[in-house]
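Take a look at the structure set out below.
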Amino acid sequence: MSFSVEEKIGFIRTALGRIYPEPKSELIYDSPFQLLIATILAAQATDRQVNILTKKLFDVCPDATTMSVTDPETIRDLVRSINYCNNKAKNILAVSKKLVEEYEGEVPASRDALESLPGVGRKTANVVLSNAFRQPVMPVDTHVHRVSNRIGLVKTSKPEDTETGLIKVIPEAWVIDFHHYLLLHGRYTCKAKKPECQGCVLRDICDYPDKN
DNA sequence: AACTCGGGGCA
DNA sequence: TGCCCAGAGTT
Numbered sequence: 018m019s020f021s022v023e024e025k026i027g028f029i030r031t032a033l034g035r036i037y038p039e040p041k042s043e044l045i046y047d048s049p050f051q052l053l054i055a056t057i058l059a060a061q062a063t064d065r066q067v068n069i070l071t072k073k074l075f076d077v078c079p080d081a082t083t084m085s086v087t088d089p090e091t092i093r094d095l096v097r098s099i100n101y102c103n104n105k106a107k108n109i110l111a112v113s114k115k116l117v118e119e120y121e122g123e124v125p126a127s128r129d130a131l132e133s134l135p136g137v138g139r140k141t142a143n144v145v146l147s148n149a150f151r152q153p154v155m156p157v158d159t160h161v162h163r164v165s166n167r168i169g170l171v172k173t174s175k176p177e178d179t180e181t182g183l184i185k186v187i188p189e190a191w192v193i194d195f196h197h198y199l200l201l202h203g204r205y206t207c208k209a210k211k212p213e214c215q216g217c218v219l220r221d222i223c224d225y226p227d228k229n
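In structure tokens, the structure reads:
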């Protein structure tokens with residue numbers, strides 16, 4: 018039995034939507050600024066750490082203008098609870114200052130402008146562009162890349178090609194959900210080393226040859 | 001293209 | 001206890 022990519026997409030959305038919680042970033046973060054900062058902080062950190070931290074952080078400085086004039090030590094102490102605390106504390110402060118100086122305190126809706134901010138690479142830029150500005154781009158991290166290729170949604174070695182491949186086949190309204198679902202599926206089930214294919218809800222539609 | 005970064009999680 | 005992680009940045 019083989020499935021078209023379109024059939025797989027529908028199947029995945031239903032199956033993963035059942036087992037993973039809804040993506041909540043857009044609900045928690047009520048501005049592009051907060052989404053941007055939270056996404057920078059989220060790299061290499063756990064969701065739990067970031068949720069706890071941003072709650073406190075955005076109490077103190079909810080927007081770029083406020084953060085840009087906040088005592089660096091205050092930010093450093095707040096950020097200390099998660100990975101790369103020194104770099105990240107420095108980065109988000111520098112980001113807020115640059116936003117104030119060059120973009121009137123607002124988050125720019127362009128890839129080049131976003132990627133010029135410290136701590137913001139392609140993936141983080143794409144999260145902001147798709148989530149806050151509804152642009153048709155797909156954030157691709159290693160999980161999304163690996164899972165998409167194993168299932169057979171795309172066949173590519175470069176994450177950048179996965180990005181363009183996925184955006185062609187995933188309906189625009191589903192992009193944010195898909196990023197979330199594929200990320201969690203890659204982290205917890207379709208792991209790089211020991212994928213847990215037995216019991217995987219995508220087993221029936223997956224191309225991965227090494228099903229245990 | 002390969003390496004580094006810092007600390008959490010897990011074998 | 002020691003290996004792995006997962007993005008961004010640097011060389």
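So for the first sequence, the numbering used here puts the first residue at 18; every next one is plus one. A virtual CB, placed ideally from N, CA and C, is assigned to each residue, including glycine. Being a predicted model, the structure only gives us computed values, none of them experimental.
Kindly indicate which three-state DSSP category V3 falls into: helix, strand or coil?
Given that the chain is displayed from residue 18 to residue 229, the structure contains no residue 3 and the question cannot be resolved.
Within the segment 60-129, ranges of the alpha helix (DSSP H) (whole runs, at least 4 residues)
64-77, 81-85, 89-96 and 102-120
Considering only C-alpha positions, which residue in the set L53, T87 and T83 is nearest to R128?
L53
Neighbourhood of C223 by C-beta, 6 angstroms cutoff - its chain only, sequence neighbours within 5 removed
I168
Quick one: what does DSSP say S42 is sitting in, helix, strand or coil?
Residue confidence for S42 is low, a pLDDT of 48 falling below 50, so the modelled location carries little weight; the figure read from the coordinates is stated next. It is helical.
Quick one: measure Cβ to Cβ for N108 and I57, integer angstroms, because I've assumed they're closer than 8 angstroms.
6 angstroms
Restricting to Cα atoms, I'd like to know which of T63, D64, T91 and R65 is closest to D76.
T91
DSSP three-state assignment for R139, whether helix, strand or coil
helix
Candidates V161, K72, H196 and E24, of which the one nearest K208 by Cα
V161
From P49 to L146, what does the alpha carbon distance come to, in whole angstroms?
9 angstroms
By Cβ distance below 7 angstroms, which residues in the same chain neighbour P156 in space, the five residues on each side in sequence not counted?
K140, N143, V144, S147 and H196
D221 in three-state terms, based on DSSP
helix
Nearest to V186 by alpha carbon, out of S19, R65 and E24?
E24
Buried or exposed: A190, going by 16 or more other Cβ atoms within 10 Å of its Cβ?
exposed
To the nearest angstrom, report how far apart V96 and L70 are at their CA atoms.
7 angstroms
Tell me the rounded alpha-carbon separation between E213 and V117.
47 angstroms
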